[in-house]
Amino acid sequence: MLDDPAVALTILVLALFVGFEVIAKVPPLLHTPLMSGSNAISGITIVGALLAAGREEQTLSTALGFIAIVFATINVVGGFLVTDRMLAMFKKKKS
Amino acid sequence: MNDQFIQFAYLVAAVLLIRGLSGLGSPKTAPRGNLTAAAGMLIAIVATLLMKGVVSYTVIIAGLVVGSAIGAVLALRIQMSAMPQMVALLNGFGGGASALVASAELLNYMREGSEPTGIVQVSGDRGTYYVMTEEAMKIRQYVQEGIDEADRGETTPWSASEIIQKARNISEQRSA
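As you go down the protein sequences, you meet chains A and B in turn.
By our numbering, the letter at position 81 of the first sequence is numbered 81, and the numbering carries on one by one without gaps.
Position in the second sequence (from 1) plus 1000 gives the number in our numbering.
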C-alpha cells in the first residue's frame, strides 16, 4: 500500500502539517533543545542503514551500510543524550 | 515477522515520535517528551530488524554497538558551552549516514540490473540461498494472476506473447 505514490504523498503532506503545528509555538527558551531533539528524531534514517546492511547483497554495499549504521547510531544516541543534558539544565533552574 | 505487524509497529513508533517532539514545546513536558521520542525510535529500530529482508545480524549489531559507544561518550563528555556545535556535528553524522545508505542502495540496484535470471544470491548467518529480485516477483505474480483469471473463465486466455509483452511493460515501468 505504501508503494502507491498517492498514499506516500498523502502521508508526506499530512506530516508537513503535523511538523509545522508541533513546533510553531515553542518558546525561544526551548529552541536549542528543540533543535537537538528534532535532530535526534531525524535519525530515523537509521532504518535505511539497517536495511542496507542487513540485506547483505554485496560486500561493498554491506560495508557502506555498516559505516552508515555507526554514523546513524551516533546521531540517534548522541542526539537524545545531548537533548536530555540540555533539559536537565532547565529542571535545575526551575527548582 | 508479519508485514502488517511491522507496519503497525511503525505506526506506534511514529505516534510516539510525534508526541515526544510536541512535548519539547514546554519546559514541564520536555524531559518526558525526549524519553517518549527515544522509545519511539527504539520501536522503529526493533521493527526494522524483524523485517524479512534482513538476513544477518552480525554487521548490524556491530554497527549499533560501536555507534552507541561513540555517541554516548561524545554526548556525555562534551562541555555545555559547546552544545550547539555538538548538535551540528551530530546532524552531520546523520547526513553522512544518509549519503552512505544512498550509495549502498545505488550499488545494489546497479547490480540487480545485470542479473540475467532475476535471482540474486544472498549469504548470511543462516547460510547461502537464492531469492528472486523484486522485479521478478512482480512479473511472476502478474503471470499467475493472468493464469488464474483464465482458469476462472473471466478473460480469454492470454497468448504467451501477450504475457511476455505485459511482463516487459512492467519491466520498463520499473526501470524508467
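Even glycine gets a Cβ: it sits at the ideal position worked out from N, Cα and C.
Drop a sphere of 10 angstroms on the beta-carbon of residue i, count the other beta-carbons inside from all chains shown, and report buried for 16 or more, exposed for fewer.
{"i": "residue 89 of chain A", "result": "exposed"}
{"i": "residue 57 of chain A", "result": "buried"}
{"i": "residue 66 of chain A", "result": "buried"}
{"i": "residue 55 of chain A", "result": "buried"}
{"i": "residue 1137 of chain B", "result": "exposed"}
{"i": "residue 80 of chain A", "result": "buried"}
{"i": "residue 1189 of chain B", "result": "No information on residue 1189 of chain B is available, as it lies outside the stretch 1001 to 1176 that chain B covers here."}
{"i": "residue 1098 of chain B", "result": "buried"}
{"i": "residue 91 of chain A", "result": "exposed"}
{"i": "residue 62 of chain A", "result": "buried"}
{"i": "residue 1153 of chain B", "result": "exposed"}
{"i": "residue 86 of chain A", "result": "buried"}
{"i": "residue 1147 of chain B", "result": "exposed"}
{"i": "residue 95 of chain A", "result": "Because the pLDDT of residue 95 of chain A is 45, which lies under 50, any placement of that residue in the model is unreliable, and the question is left without a value."}
{"i": "residue 1063 of chain B", "result": "buried"}
{"i": "residue 1059 of chain B", "result": "buried"}
{"i": "residue 1150 of chain B", "result": "exposed"}
{"i": "residue 1013 of chain B", "result": "buried"}
{"i": "residue 1016 of chain B", "result": "buried"}
Assuming the contact rule is C-beta atoms closer than 8 Å, residue i and residue j should be a hit. Round their C-beta distance to whole Å, please.
{"i": "residue 1030 of chain B", "j": "residue 1023 of chain B", "result": "6 Å"}
{"i": "residue 1078 of chain B", "j": "residue 74 of chain A", "result": "The pair is not a contact, with the Cβ atoms about 13 Å apart (cut-off 8 Å)."}
{"i": "residue 72 of chain A", "j": "residue 49 of chain A", "result": "5 Å"}
{"i": "residue 1037 of chain B", "j": "residue 1020 of chain B", "result": "3 Å"}
{"i": "residue 83 of chain A", "j": "residue 1034 of chain B", "result": "5 Å"}
{"i": "residue 1047 of chain B", "j": "residue 1018 of chain B", "result": "Not a contact, Cβ separation roughly 16 Å."}
{"i": "residue 1124 of chain B", "j": "residue 69 of chain A", "result": "Incorrect: roughly 16 Å between the Cβ atoms, too far for contact."}
{"i": "residue 1083 of chain B", "j": "residue 32 of chain A", "result": "7 Å"}
{"i": "residue 1027 of chain B", "j": "residue 30 of chain A", "result": "7 Å"}
{"i": "residue 12 of chain A", "j": "residue 23 of chain A", "result": "Not quite, the Cβ-Cβ distance comes to about 17 Å (not below 8 Å), so this is no contact."}
{"i": "residue 1131 of chain B", "j": "residue 1122 of chain B", "result": "6 Å"}
If we cut at 7 Å on Cβ distances, does residue i have a partner in chain E?
{"i": "residue 69 of chain A", "result": "You won't find chain E in this structure, because its protein chains are A and B."}
Tell me, please, which residues DSSP counts as bridged to residue i.
{"i": "residue 1073 of chain B", "result": "The partner list for residue 1073 of chain B (beta bridge, DSSP) is empty, contrary to what the question assumes."}
{"i": "residue 1056 of chain B", "result": "DSSP, once it has assigned bridges, lists no residue as partnering residue 1056 of chain B."}
{"i": "residue 1123 of chain B", "result": "B:1128"}
Going by the beta-carbon positions, is the gap between residue i and residue j smaller than 7 Å?
{"i": "residue 52 of chain A", "j": "residue 1101 of chain B", "result": "yes"}
{"i": "residue 46 of chain A", "j": "residue 18 of chain A", "result": "no"}
{"i": "residue 1061 of chain B", "j": "residue 1009 of chain B", "result": "no"}
{"i": "residue 1103 of chain B", "j": "residue 64 of chain A", "result": "yes"}
{"i": "residue 78 of chain A", "j": "residue 1075 of chain B", "result": "yes"}
{"i": "residue 2 of chain A", "j": "residue 1107 of chain B", "result": "no"}
{"i": "residue 42 of chain A", "j": "residue 1096 of chain B", "result": "no"}
With a threshold of 6 Å, establish whether the CB of residue i neighbours any heavy atom of the ligand SAM.
{"i": "residue 34 of chain A", "result": "For the ligand SAM, the structure offers nothing, since it holds no ligand at all."}
Hey, which unbroken runs of the alpha helix (DSSP H) at 4 residues or more fall wholly within the segment 18-55 of chain A? 31-42, 46-54
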